[in-house]
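Read the structure below first, then the notes.
2 protein chains.
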Amino acid sequence: MINPFTDEYFMKKALQEAEMAFEKDEIPVGAIIVIDNKIIARGHNLTEMLNDVTAHAEMQAITAAANFLGGKYLIGCTLYVTLEPCQMCAGALYWSQISKIVFGASDEHRGFEKMGTQLHPKTTVVRGVLADEASELMKRFFAEKRK
Amino acid sequence: MINPFTDEYFMKKALQEAEMAFEKDEIPVGAIIVIDNKIIARGHNLTEMLNDVTAHAEMQAITAAANFLGGKYLIGCTLYVTLEPCQMCAGALYWSQISKIVFGASDEHRGFEKMGTQLHPKTTVVRGVLADEASELMKRFFAEKRK
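Protein chains in written order, with the UniProt record's numbering: chain A, 1 to 147; chain B, 1 to 147.
Here is the structure:
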């Protein structure tokens, strides 16, 4: 039997969140958190609407997932996020001890890998899942902004 | 005339926040944000109470200050925090473009300086203000925890 719950399957859900950010005129980044193939948290970038640099998609998803689980550690959870996390979000993920991070497009300027942010030693990382879709959405956003 | 608004003056206010965390059985870290010698935001660590790794004193103060100012950038502001910020908080401070960070005790294991987190190029840092008081509070907290 084919497993429908692939990384691509869940990244599509994160992309839907990114599209919700786009529609709100926010830089289109979306995130979901999954445990045992179940989505327990969703978030999309709301930094403009909330006037708050901390309102990244990942931060909201981390808070929501911990609220769902009733504990602050996200052991056994996977974060799917359309763009590579920044220093702040990677730092939050470090504290959460999340088991797996899957991201779409790389952020070569402000991504945590370029910036050297440390994750928890037990966290694994998968890169580039539906990266083209995530990049395309970002490019479309900034192209419209320049109009 | 003597200027009463020294870094020590404001750090004492941050220490009061740290004491509030202590009383709630939280790791005692406190923060305030100041603009033009006026305190516009306060926060203390609430990670246990909120079950949320993102609920550091600095994160709450950043969100509160932006809310007060009606904008997400903290240009012209100073953060006073009793303990050196972590990667997450330093990453948030990077996005905020805050003008100055004053911290008390260094965190040699998980502080942003050891971890290599980048601040905004316009942010200046002052270290070690009332560091002994901040360290003493932390030591007392962990000593009581071990009992």
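Positions of the beta carbon are idealized from the N, C-alpha and C atoms, including for glycine.
Just so we're clear, the structure is a prediction, and the values are computed from it rather than from any experiment.
Nearest to residue i by alpha carbon, out of the options?
i, options, result
"residue 29 of chain A", "A:142, A:57, A:63 and A:4", "A:57"
"residue 44 of chain B", "B:85, B:36 and B:109", "B:85"
"residue 5 of chain B", "B:38, B:146, B:147 and B:25", "B:38"
"residue 25 of chain A", "A:7, A:47, A:8 and A:9", "A:47"
Which first and last residues belong to the beta strand (DSSP E) in which residue i is found?
i, result
"residue 21 of chain B", "Counting along the chain, residue 21 of chain B falls outside any beta strand (DSSP E), though it belongs to the alpha helix (DSSP H) covering 7–23."
"residue 104 of chain A", "100–105"
"residue 35 of chain A", "30–35"
Do residue i and residue j have their C-beta atoms closer together than 8 Å?
i, j, result
"residue 83 of chain B", "residue 134 of chain B", "yes"
"residue 99 of chain A", "residue 75 of chain A", "yes"
"residue 34 of chain A", "residue 77 of chain A", "yes"
"residue 92 of chain B", "residue 123 of chain A", "no"
"residue 40 of chain A", "residue 13 of chain A", "no"
"residue 27 of chain A", "residue 141 of chain A", "yes"
"residue 22 of chain B", "residue 130 of chain B", "no"
"residue 63 of chain B", "residue 52 of chain A", "yes"
"residue 104 of chain A", "residue 11 of chain A", "yes"
"residue 128 of chain A", "residue 116 of chain B", "no"
Go through its chain and collect everything with a Cβ distance to residue i's Cβ below 8 Å, but skip five positions before and after it.
i, result
"residue 110 of chain B", "86 and 87"
"residue 15 of chain A", "30, 82, 104, 130, 133, 134 and 137"
"residue 108 of chain A", "114"
"residue 7 of chain A", "80, 102, 126 and 129"
Starting from the C-beta of residue i, find all residues in its chain whose C-beta is less than 6 Å away, skip the five residues before and the five after it, and write them out in chain order.
i, result
"residue 125 of chain A", "101"
"residue 66 of chain A", "72"
"residue 120 of chain A", "94 and 97"
"residue 60 of chain A", "43"
"residue 17 of chain A", "30, 42 and 44"
Going by DSSP, what residue range makes up the alpha helix (DSSP H) through residue i?
i, result
"residue 89 of chain A", "87–96"
"residue 40 of chain B", "Counting along the chain, residue 40 of chain B falls outside any alpha helix (DSSP H), though it belongs to the beta strand (DSSP E) covering 38–44."
"residue 79 of chain A", "Segment 77–83 is the beta strand (DSSP E) holding residue 79 of chain A; no alpha helix (DSSP H) there."
Leaving out five residues on either side along the sequence, give the residues of the same chain with a beta carbon under 7 Å from the beta carbon of residue i.
i, result
"residue 118 of chain B", "94"
"residue 68 of chain B", "40 and 41"
"residue 49 of chain A", "24 and 26"
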